[in-house]
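Undergrad: I have a structure I would like to understand better, so I am pasting it below and will then ask my questions one at a time.
Residue numbers (the working numbering): 1301 to 1518.
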C-alpha cells in the first residue's frame, strides 16, 4: 500500500506539473472563461471552470488508460478532426462577434437603457450546473484535445498509467481555469461599459485565428 500510495502521489504531482503549461495555452475556452469572469464575476462564473476541468479529467483518463493505442486509432482521422474543430471555433466566434455588435449598437442608441439592462452574454441566465455542463460540452466538442493528452501520456510513459495522473491534470485545469475567471472578474472592475463587448470582438478574431492555424497545421 505504501508503494502504491507513493506512485499515486508521484503521478499526481507529475500530472499537475505537466498539465499547467498545457492549460495555460491561449485557446477559445480560455477566452470564454475570461469573458464569463468579466460578465458575471467569480461568484457566478466559477462553475464554468468546474465544467472545463471535468472535461479535461475525462480526456486525461481516457488517454492515460489507453495510451498510444488511442493516438494510433485517431491518426487516420486527424485531418477531419482539425476541420471539425475549426468549424466549431468559427461558429463560436461568429456568435460572439454578433453579440458584441448588437451590444455596441444598443449602447450607442441608448446608453442609459444599456446600463440598466446590462450586456447579456451567452450564459447570463442559467444555474451553476447548467453553466458547468455547457462549458464541459464546449470543451469536449474539440476532438483534438484528446490528441494533446495522448501525446502527453506517451511522453510521460508508465508514470501516467494510474489514476493519480488524471487527477493531477484535473487539478492543473482547475488552477488555470479558475485563475482565468478571476482575471476576468478583476478586469470587470476596470473596464468601461462597452469593455466586455470590445473584449468579445477581440476574442472572436482571436478564435478565428486559432481556427485558421488549426486547419493549416500539419
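The C-beta atom is built at its ideal place from N, Cα and C for all residues, glycine as well.
Are the Cβ atoms of residue 1342 and residue 1485 separated by less than 8 angstroms?
TA: Their beta carbons are under 8 angstroms apart, which means residue 1342 touches residue 1485 by this criterion.
Undergrad: When you compare the region 1459 to 1469 with the region 1353 to 1364, are there three or more beta-carbon pairs, one atom per stretch, that lie closer than 8 angstroms?
TA: Result yes; three or more Cβ-Cβ pairs closer than 8 angstroms.
Undergrad: What are the complete alpha helix (DSSP H) segments, minimum 4 residues, inside the region 1327 to 1407?
TA: Complete alpha helix (DSSP H) runs here, min 4: 1328 to 1340, 1342 to 1366 and 1368 to 1374.
Undergrad: Helix, strand or coil, according to DSSP, for residue 1427 in the structure here?
TA: Three-state result, residue 1427: coil.
Undergrad: Using the rule of at least 16 other Cβ atoms within 10 Å of the residue's Cβ for burial, across every protein chain shown, is residue 1516 buried or exposed?
TA: Under this definition residue 1516 is an exposed residue.
Undergrad: I'd like the list of long-range same chain contacts for residue 1473, defined as Cβ closer than 7 angstroms, with 5 residues on each side in sequence excluded.
TA: Excluding positions up to five away in sequence, the list reads 1319, 1323, 1352, 1353 and 1356.
Undergrad: Quick one: Cα of residue 1461 to Cα of residue 1372, how far?
TA: For residue 1461 and residue 1372, the distance between alpha carbons rounds to 17 angstroms.
Undergrad: Ends of the alpha helix (DSSP H) at residue 1502?
TA: Residues 1495 to 1516.
Undergrad: Does the distance from the CB of residue 1325 to the CB of residue 1336 come in under 8 angstroms?
TA: Taking 8 angstroms as the Cβ cut-off, residue 1325 and residue 1336 do not qualify as a contacting pair.
Undergrad: Taking the C-alpha atoms as reference points, what is the distance between residue 1360 and residue 1409?
TA: Using only the alpha carbons, I get a separation of about 48 angstroms.
Undergrad: Look at the alpha carbon of residue 1253 and the alpha carbon of residue 1407, and state the distance between them as a whole number of angstroms.
TA: This structure leaves residue 1253 out entirely; the chain is present only between 1301 and 1518.
Undergrad: Is it true that the region 1376 to 1394 meets the region 1494 to 1501, where meeting means three or more beta-carbon pairs spaced less than 8 angstroms apart?
TA: The region 1376 to 1394 vs the region 1494 to 1501: no contact.
Undergrad: For the alpha helix (DSSP H) that contains residue 1492, what are its first and last residues?
TA: Looking at the DSSP string, residue 1492 is not in any alpha helix (DSSP H), and its letter there is neither H nor E.
Undergrad: With DSSP as the reference, label residue 1315 as helix, strand or coil.
TA: Looking at residue 1315 - three-state DSSP - the assignment turns out to be helix.
Undergrad: Determine the burial state of residue 1429: buried for a count of at least 16 other Cβ atoms within 10 Å of its Cβ, exposed for fewer.
TA: Result: exposed.
Undergrad: For a test of the three-state rule: what should DSSP assign to residue 1470, helix, strand or coil?
TA: Note: residue 1470 maps to helix in three-state DSSP.
Undergrad: If we ignore side chains and look at the alpha-carbon of each, how far apart do residue 1514 and residue 1310 end up?
TA: Answer to the nearest angstrom: the Cα atoms are 33 angstroms apart.
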